[in-house]
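For reference, the structure discussed in these notes is given below.
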Amino acid sequence: MMRIGFSLLTLLTCLSFSAKASLTTVTGTTTDKATGEPLAYVSIGFTGTNTGGLSDDLGHFSLETPEHTDSIRVFMVGYKELRVAVDHGRVQTLNLSLEEQDNTLEEVSILAKNMPMYRNKDNPAVALMRKVIDHKDQNYDKGKTTVAYDEYEKLQVSLLRSLEKIRNEKQNRNALARMFEKGDTTKVNGKASLPIVVHEKVMRHEEDKEQGRTAHNMIDEKRTSLDGIVDDDGLEAYLDKMYVAADIYDNNIILGDQQLLSPVAGLAPEFYKYFITDTITEDGQQKVRLSFYPRNKTDLLFKGELVVALETHAVTEVNLTVNKAINLNWVDDLKIHLLYQKSDNGAYYLQNTYR
């Protein structure tokens, strides 16, 4: 059975300037450690800076920063995170191999059989989440300041086909198999992914909170597609409805015609279970990783992982997915990654998203 996959990338970059002379430049590729195949849309960022980006469709990336840094952070949903040392002020080429991560979300459910009954009372994970909820207004930058930023958005629609089926079809010279053979394919969840529509745009946003004025201007736009494969206009209308911007700080996150309760909404502790899974030090901050799951597996809710800064109780990173048993129209697999960055006024803003 052939499937169509969608991916949406949004990068929000606030304007900044640095007068330092030397640049640290890192280029290279991202690949799957087991198969050697290129990995697209891997997040790479310089540690301790606001500079980062994603690998392209073929796993290539290039980043540079004038700020002092000694390493890069490499991460992607479903893979183990990497920290790689870099030399400040030099041009370096790195070939990064990522190792697939075990499905720890399911492991927690298995281990829970030997644990006491889950309760909110006297639960340190719930206590921490309540502090996150209480500090949402002061931690989130939405609507607080006058800002100007550029937004790069890339929407890609791909055909997904199992690698085994493609090999068999090549022997029969199947037309679809030949298209996969000649096209630029990458690996997605163990299947070959062939882009059939790619829509890229760069927008300039200016928001004056004091005057209540906003301006959104298109800087550049590019669209490519395989003729005859899809109805561009019909697909555009569907995706405009499906891909509403996701933000963990909203009480509800819209997916198509459904609204899912955010795991940091005011009432979330009544519908979600939370588990502290790790404590880490990142960019000089102490942080806690928490896993969360619906209390009822059939409820239309998320499961995933949050990273919380202990000092501010702010959410800095989120991985979201859903249980395959729920009925989410036209969707049989979902992964959303949100990354938040601290601004000069101490509040956080959404830096980039990937789904």
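Quick note: the sequence shown uses our numbering, first residue 5, plus one each step. All C-beta atoms, glycine included, are put in the ideal place defined by N, C-alpha and C. Being a predicted model, the structure only gives us computed values, none of them experimental.
Worksheet item: Between the Cα of E321 and the Cα atoms of L43, G63, Q355, R134, which residue gives the shortest distance?
Response: Within the sequence shown, numbered from 1, the residue matching residue 321 stands at position 317. Taking only the C-alpha atoms, the option nearest E321 is Q355.
Worksheet entry | C-alpha gap between N133 and T39, whole angstroms | The residue labelled residue 133 in the question sits at position 129 within the sequence shown. The residue labelled residue 39 in the question sits at position 35 within the sequence shown. This sequence places Met at residue 133; Asn is not what is there. M133 and T39: Cα-Cα distance of roughly 39 Å.
Worksheet item: Can you tell which of Q289, E85, V30, A131 has its C-alpha closest to the C-alpha of F50?
Response: Position 46 of the sequence shown, counting from 1, holds the residue named residue 50. Nearest C-alpha to F50: V30.
Fill in: Residue range of the unbroken beta strand (DSSP E) whose run includes I48
Walking along the sequence shown from the start, residue 48 turns up at place 44. Here the beta strand (DSSP E) through I48 covers 47–50.
Discussion item. What residue range does the alpha helix (DSSP H) around R134 cover?
Written reply: Translated into positions along the sequence shown, residue 134 becomes position 130. Start and end: 128–138.
Practice prompt. Under the assumption that V311 contacts R293 (Cβ atoms under 8 Å), give the Cβ distance between them as a whole number of angstroms.
Written response: For this step, residue 311 is matched to residue 307 along the sequence shown. For this step, residue 293 is matched to residue 289 along the sequence shown. About 6 Å separates the two Cβ atoms, so the contact holds.
Practice prompt. Pick out whichever of R77, T35, K135 has its Cα sitting closest to the Cα of P273.
Written response: In the sequence shown, residue 273 corresponds to position 269, counting from 1. Measuring from the Cα of P273, the nearest candidate turns out to be K135.
Discussion item. Quick check on DSSP: helix, strand or coil for R208?
Written reply: Within the sequence shown, residue 208 is the residue found at index 204, counting from 1. Looking at R208 - three-state DSSP - the assignment turns out to be strand.
Item to complete: Give the DSSP-derived three-state secondary structure of D282 in the structure shown.
Response: Against the sequence shown, residue 282 aligns to sequence position 278. Of the three classes helix, strand and coil, the one that applies to D282 here is strand, per DSSP.
Worksheet entry | Limits of the unbroken beta strand (DSSP E) element including M222 | Locating residue 222 in the sequence shown gives position 218, where the first residue counts as 1. Start and end: 217–229.
Practice prompt. Can you tell me which of Q160, E71, M80, T73 puts its alpha carbon nearest to the alpha carbon of L58?
Written response: The count along the sequence shown starts at 1 and reaches residue 58 at position 54. If we check each option's Cα against that of L58, M80 comes out closest.
Worksheet item: Does DSSP classify G350 as helix, strand or coil?
Response: Here residue 350 corresponds to residue number 346 of the sequence shown, with the count starting at 1. Three-state result, G350: coil.
Fill in: Pairwise C-alpha distance: L62 and Q96
Looking up residue 96 in the sequence shown gives position 92. Looking up residue 62 in the sequence shown gives position 58. Roughly 19 Å separates the two Cα atoms.
Fill in: Own chain partners of P42 with C-beta closer than 6 Å, once the 5 adjacent residues on each side are dropped
For this step, residue 42 is matched to residue 38 along the sequence shown. Once the five neighbours on either side are set aside, the close Cβ partners of P42 are T35, L62, G63, T190.
Discussion item. Using 8 Å as the threshold, is the C-beta distance between I252 and S266 below it?
Written reply: Sequence index remark: in the sequence shown, residue 252 carries index 248 (1-based). Sequence index remark: in the sequence shown, residue 266 carries index 262 (1-based). It is a contact, given that the beta carbons lie within the stated cut-off.
Item to complete: Output yes or no for whether 8 Å exceeds the beta carbon distance between V316 and N143.
Response: Taking the first residue of the sequence shown as position 1, residue 316 is located at position 312. Taking the first residue of the sequence shown as position 1, residue 143 is located at position 139. The sequence shown places Thr at residue 316, not Val. For T316 and N143, yes; Cβs fall inside 8 Å.
Fill in: DSSP three-state assignment for P273, whether helix, strand or coil
Counting from 1 along the sequence shown, the entry for residue 273 is found at position 269. In this structure, P273 counts as helix in the three-state DSSP scheme.
Discussion item. Let me check understanding here. Comparing Cα to Cα, which of L314, A313, K301, S347 lies closest to I330?
Written reply: Translated into positions along the sequence shown, residue 330 becomes position 326. For I330, the nearest C-alpha among the options comes from K301.
Discussion item. Does E309 pass the burial test, meaning 16 or more other C-beta atoms within 10 Å, or should it be called exposed?
Written reply: Position 305 of the sequence shown, counted from the first residue, corresponds to residue 309. Result: buried.
Worksheet item: DSSP three-state call for N143: helix, strand or coil?
Response: The residue labelled residue 143 in the question sits at position 139 within the sequence shown. It is helical.
Practice prompt. Please work out which residues of its chain come closer than 7 Å, Cβ to Cβ, to I76, disregarding the five sequence neighbours upstream and downstream, and give them in chain order.
Written response: To locate residue 76, count along the sequence shown from 1; it is residue 72. Excluding positions up to five away in sequence, the list reads V30, I48, G49, F50, T51, V88, V90.
Practice prompt. Rounded to whole angstroms, what's the CA-CA distance from T69 to T53? Just pull it up for me.
Written response: As a first step, residue 69 is located in the sequence shown; it is residue number 65 there, counting from the start. As a first step, residue 53 is located in the sequence shown; it is residue number 49 there, counting from the start. So the alpha carbons of these two residues sit roughly 8 Å apart.
Practice prompt. Give me the Cα-Cα distance between S66 and E157, rounded to the nearest whole angstrom.
Written response: Here residue 66 refers to the residue found at position 62 of the sequence shown. Here residue 157 refers to the residue found at position 153 of the sequence shown. Using only the alpha carbons, I get a separation of about 18 Å.
Practice prompt. With a threshold of 16 other CB atoms inside 10 Å of the CB of Q160, please say whether the residue is buried or exposed.
Written response: As a first step, residue 160 must be located in the sequence shown, where it is residue number 156. That one is buried.
Practice prompt. Could you tell me which residues DSSP puts in a beta bridge with S101?
Written response: Taking the first residue of the sequence shown as position 1, residue 101 is located at position 97. Its beta-bridge partners are T35.
Worksheet item: Along the chain, where does the beta strand (DSSP E) that runs through L86 open and close?
Response: Position 82 of the sequence shown, counted from the first residue, corresponds to residue 86. From DSSP, the beta strand (DSSP E) with L86 extends over 86–89.
Discussion item. Relative to the C-alpha of Y278, which candidate in D60, V78, N99, A131 has its C-alpha closest?
Written reply: Sequence index remark: in the sequence shown, residue 278 carries index 274 (1-based). Among D60, V78, N99, A131, the Cα nearest to that of Y278 is on A131.
Worksheet item: Roughly how many whole angstroms lie between the Cα atoms of K339 and H72?
Response: On the sequence shown, position 335 is the one that residue 339 refers to. On the sequence shown, position 68 is the one that residue 72 refers to. Straight-line Cα distance between these residues: approximately 33 Å.
Discussion item. Going by DSSP in three states, R77 sits in which element: helix, strand or coil?
Written reply: The residue given as residue 77 occupies position 73 in the sequence shown. Strand.
Discussion item. Pull the bridge partners of I258 from the DSSP assignment, please.
Written reply: Position 254 of the sequence shown holds residue 258. Beta-bridge pairing links I258 to Q263.
Practice prompt. Pick out whichever of V326, L100, G270 has its Cα sitting closest to the Cα of S295.
Written response: Residue numbering aside, residue 295 sits at position 291 when the sequence shown is read from its first letter. Nearest option by C-alpha distance: V326.
Item to complete: Compute the distance between the beta-carbons of F275 and D303, then report whether it is under 8 Å.
Response: Residue numbering aside, residue 275 sits at position 271 when the sequence shown is read from its first letter. Residue numbering aside, residue 303 sits at position 299 when the sequence shown is read from its first letter. Yes, the Cβ-Cβ distance between F275 and D303 is below 8 Å.
Discussion item. Please state the DSSP three-state secondary structure of H341.
Written reply: Numbered from its first residue, the sequence shown carries residue 341 at position 337. Strand.
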